[in-house]
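Read through the structure below, which is laid out as structure tokens, and then see the notes.
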Amino acid sequence: MTRITLWLILFLSVSSLQAQKKIKILISVDMEGVAGAVTEQQLGPAGFEYARFREFMTNETLAAIEGAKQAGATEIVVVDAHGNGQNLLIEKLPEDVKLIRSWPRKYHMVGGIDNSFDGVMLIGYHSSTSNLEGVRAHTFSSAKLTNVSINNKSVSEGIWAAMVVGHFNVPVILITGDNIATAETKDFIGDTETAVVKEAYGFHSAKSLTPSASCKLIKVASTKAVSRIKDFKPFKVSTPVTMDVSFKNYRPVELLSYLPIVKRIDSHTIRFVGDDIIAADDFFIFMMDYNSDLEP
731 MTRITLWLIL
741 FLSVSSLQAQ
751 KKIKILISVD
761 MEGVAGAVTE
771 QQLGPAGFEY
781 ARFREFMTNE
791 TLAAIEGAKQ
801 AGATEIVVVD
811 AHGNGQNLLI
821 EKLPEDVKLI
831 RSWPRKYHMV
841 GGIDNSFDGV
851 MLIGYHSSTS
861 NLEGVRAHTF
871 SSAKLTNVSI
881 NNKSVSEGIW
891 AAMVVGHFNV
901 PVILITGDNI
911 ATAETKDFIG
921 DTETAVVKEA
931 YGFHSAKSLT
941 PSASCKLIKV
951 ASTKAVSRIK
961 DFKPFKVSTP
971 VTMDVSFKNY
981 RPVELLSYLP
991 IVKRIDSHTI
1001 RFVGDDIIAA
1011 DDFFIFMMDY
1021 NSDLEP
């Protein structure tokens, strides 16, 4: 066997290994940032347009899946991260995709995350409750909260997701939604692909792409994100992590302040300090979801 033949065999072996490299993507899907979504009429079961917008939400997810696969993604996990966590039409998803549904669950909107993933996409996300602009701007609960801060900086759900997945050394590689949400997240976490599907005119109004146009845009952005996945860096939070949460109402703050791990810093705000973002995330989920009447 000649030296040239040996080098050729080695080259083909390396090329084959590279071709077989697995790329694992988590896609977290919210609904407020979907094209055309502007009011509660699209966002919950009581709304007259909800059934249609479940379809549009699912189609934007499919666009992200198709784009990721086109760029080489080999394994995809989708997380239903809106409302009751039971919005995406599971029968519409490809057979090789897994779907995480409902609550409660560890890591909340990015449930299922671990260090086996190569990247995370945030589809249909919105801006934070402290933002002066953005369609349906809120952080986790528009009914209960007025601010959520980590280390003295107000955060959105997209930024929070980037912090949690960053703990596992996984970067956010794409965020889609209105122009305010995408810019807010990118400005905070750094380099990430974006797809702007609507321009915010107010809390309940926007100039939007059509559903089909938004899907085309998201597919292109998803393909680009996975094709340059090595460019993105995980977002890291300095520790310990100080979490401040401001409530609209007085009583939950009073009750939470009875816990020795919680400090009440003003009439409507509590502070929790955790060893890392996961400790803060665990406490936040418990704080928001626990109810002594829960059954079974």
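Residues in the sequence shown are numbered from 731 upward in steps of one, following this note's numbering. By construction, the Cβ of each residue, glycine as well, lies at the ideal position given by its N, Cα and C atoms.
Extent of the continuous beta strand (DSSP E) run through residue i
{"i": "residue 851", "result": "849-855"}
{"i": "residue 756", "result": "754-759"}
{"i": "residue 1028", "result": "What the structure shows of the chain is the stretch from 731 to 1026, and residue 1028 is not part of that stretch, so it cannot be assessed."}
{"i": "residue 877", "result": "875-880"}
{"i": "residue 828", "result": "827-830"}
{"i": "residue 843", "result": "No beta strand (DSSP E) holds residue 843; DSSP gives it neither H nor E."}
{"i": "residue 900", "result": "Per DSSP, residue 900 belongs to no beta strand (DSSP E) and is neither H nor E."}
Residue i versus the options, residue with shortest Cα-Cα distance
{"i": "residue 872", "options": "880, 882 and 887", "result": "887"}
{"i": "residue 1009", "options": "963, 759, 971 and 1001", "result": "971"}
{"i": "residue 976", "options": "1017, 814, 808 and 930", "result": "1017"}
{"i": "residue 961", "options": "920, 915 and 780", "result": "920"}
{"i": "residue 905", "options": "754, 956 and 1003", "result": "956"}
{"i": "residue 1003", "options": "791, 973, 988 and 1022", "result": "973"}
{"i": "residue 766", "options": "779, 805 and 852", "result": "779"}
{"i": "residue 793", "options": "764, 816 and 782", "result": "764"}
{"i": "residue 751", "options": "799, 804, 1022 and 777", "result": "804"}
{"i": "residue 978", "options": "998, 800 and 775", "result": "998"}
{"i": "residue 837", "options": "783, 967, 852 and 1014", "result": "1014"}
{"i": "residue 895", "options": "753, 857, 877 and 845", "result": "845"}
{"i": "residue 811", "options": "821, 826 and 788", "result": "788"}
{"i": "residue 898", "options": "931, 910, 928 and 963", "result": "963"}
{"i": "residue 832", "options": "826, 825, 824 and 820", "result": "820"}
{"i": "residue 1024", "options": "1005, 840 and 834", "result": "834"}
{"i": "residue 928", "options": "865, 986, 969 and 989", "result": "865"}
{"i": "residue 913", "options": "828, 1011 and 861", "result": "861"}
Boundaries of the alpha helix (DSSP H) in which residue i is found, first to last residue
{"i": "residue 916", "result": "909-919"}
{"i": "residue 1011", "result": "1007-1019"}
{"i": "residue 889", "result": "887-897"}
{"i": "residue 762", "result": "Note, residue 762: premise wrong, no alpha helix (DSSP H); not H, not E."}
{"i": "residue 773", "result": "770-773"}
Simplified DSSP assignment, three categories, for residue i
{"i": "residue 778", "result": "coil"}
{"i": "residue 836", "result": "coil"}
{"i": "residue 815", "result": "coil"}
{"i": "residue 870", "result": "coil"}
{"i": "residue 994", "result": "strand"}
{"i": "residue 928", "result": "strand"}
{"i": "residue 748", "result": "Residue placement at residue 748 is flagged as unreliable, the pLDDT there being 43, under the threshold of 50; the coordinate-derived value follows with that caveat. The answer is helix: DSSP assigns residue 748 an H, G or I state."}
{"i": "residue 923", "result": "strand"}
{"i": "residue 1025", "result": "coil"}
{"i": "residue 823", "result": "coil"}
{"i": "residue 802", "result": "coil"}
Integer-rounded CB distance, given that residue j should sit under 8 Å from residue i
{"i": "residue 951", "j": "residue 925", "result": "4 Å"}
{"i": "residue 797", "j": "residue 949", "result": "4 Å"}
{"i": "residue 935", "j": "residue 768", "result": "6 Å"}
{"i": "residue 854", "j": "residue 907", "result": "6 Å"}
{"i": "residue 848", "j": "residue 757", "result": "Contact flag wrong, Cβ pair sits at about 12 Å."}
{"i": "residue 800", "j": "residue 953", "result": "5 Å"}
{"i": "residue 909", "j": "residue 967", "result": "The pair is not a contact, with the Cβ atoms about 26 Å apart (cut-off 8 Å)."}
{"i": "residue 795", "j": "residue 775", "result": "The pair is not a contact, with the Cβ atoms about 25 Å apart (cut-off 8 Å)."}
{"i": "residue 851", "j": "residue 903", "result": "6 Å"}
Exercise. Can you give, in chain order, each stretch of the beta strand (DSSP E) that sits fully within the region 930-992 and has at least 3 residues?
Worked result: 935-938 and 971-977
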